[in-house]
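Quick note on numbering: the sequence shown equals residues 18 to 132 in my numbering. Down below is the structure, laid out as C-alpha cells.
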Amino acid sequence: MKRLSFWHFLLLAIVVYFLLPVSQKFPVHAICGEYNICPSSTPIPTITPTPTPNCSRRPDGDADCNGVINDLDYNFWLSKIRGATSTCTYCSADFNNDTLVNLKDFEIWRLTRFN
Ligand SMILES: [Ca+2]
Ligand SMILES: [Ca+2]
Numbered sequence: 018m019k020r021l022s023f024w025h026f027l028l029l030a031i032v033v034y035f036l037l038p039v040s041q042k043f044p045v046h047a048i049c050g051e052y053n054i055c056p057s058s059t060p061i062p063t064i065t066p067t068p069t070p071n072c073s074r075r076p077d078g079d080a081d082c083n084g085v086i087n088d089l090d091y092n093f094w095l096s097k098i099r100g101a102t103s104t105c106t107y108c109s110a111d112f113n114n115d116t117l118v119n120l121k122d123f124e125i126w127r128l129t130r131f132n
C-alpha cells in the first residue's frame, strides 16, 4: 500500500479543515473571546405588541382610554397644554379629534366630568 506523501497529507488536511463546522475549527477562546463568554443558545423572545385599549369614550374626554372620565384625564390634558410629552402611545387629549389640544378639549372633558 502506497503511503501518502507530505503534500497529499497536507491537501487532505486542508479539505478536512474546510469541511469542519466553525465550532470545531477554532478553539473556544477564539470564538468566544478571551474570557470565554459565548452567546447562549437561548431563543430570542418575541415582542408581543400591547393591545390598544378601547378608546370609545375619548370623545367624552377619556384621555387614557380606561373608560372613566376623571381627574387623570384632566391632568393628561393639562400636561399636553404645558407641552409635556408622554410615553403612552394611545393616550390623547385631543377629544374632538381636530389635531389640536386646546380649551375646546377641556370643555369636552369638563362637560362629561361634571354632568
Ligand atoms: Ca380616563
Ligand atoms: Ca382637539
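Even for Gly, the Cβ is constructed at its ideal location relative to N, Cα and C.
By the Cβ criterion, the stretch 102-109 is not in contact with the stretch 124-131, since fewer than three pairs of Cβ atoms, one from each stretch, lie closer than 8 angstroms.
Under the three-pair Cβ rule at 8 angstroms, the stretch 85-97 counts as touching the stretch 109-120.
Just measuring C-alpha positions, the residue of Leu-27, Asp-90 and Pro-62 sitting nearest Cys-72 is Asp-90. Distances from the CA of Asn-87 to each of Leu-36, Trp-126, Leu-21 and Ile-31 were compared; the closest alpha carbon is that of Trp-126. Under the three-state reduction of DSSP, Ser-96 is assigned to helix. Exclusion of the five residues before and after Arg-74 leaves Gly-84 and Ile-86 as the residues of its chain whose Cβ lies within less than 7 angstroms of its Cβ. For Ala-30, the enclosing alpha helix (DSSP H) stretches over residues 23-36. Distance from the CA of Leu-120 to the CA of Ala-80, rounded to the nearest whole angstrom, comes to 14 angstroms.
Burial check for Asp-115: the Cβ neighbour count within 10 Å stays below 16, so the residue is exposed. Val-32 and Ser-22 have their C-alpha atoms spaced approximately 15 angstroms apart.
Relative to ligand 2, Asn-87 has its C-beta separated by 7 angstroms or more from all heavy atoms. For the pair Leu-27 and Pro-38, the Cα-to-Cα distance works out to about 19 angstroms.
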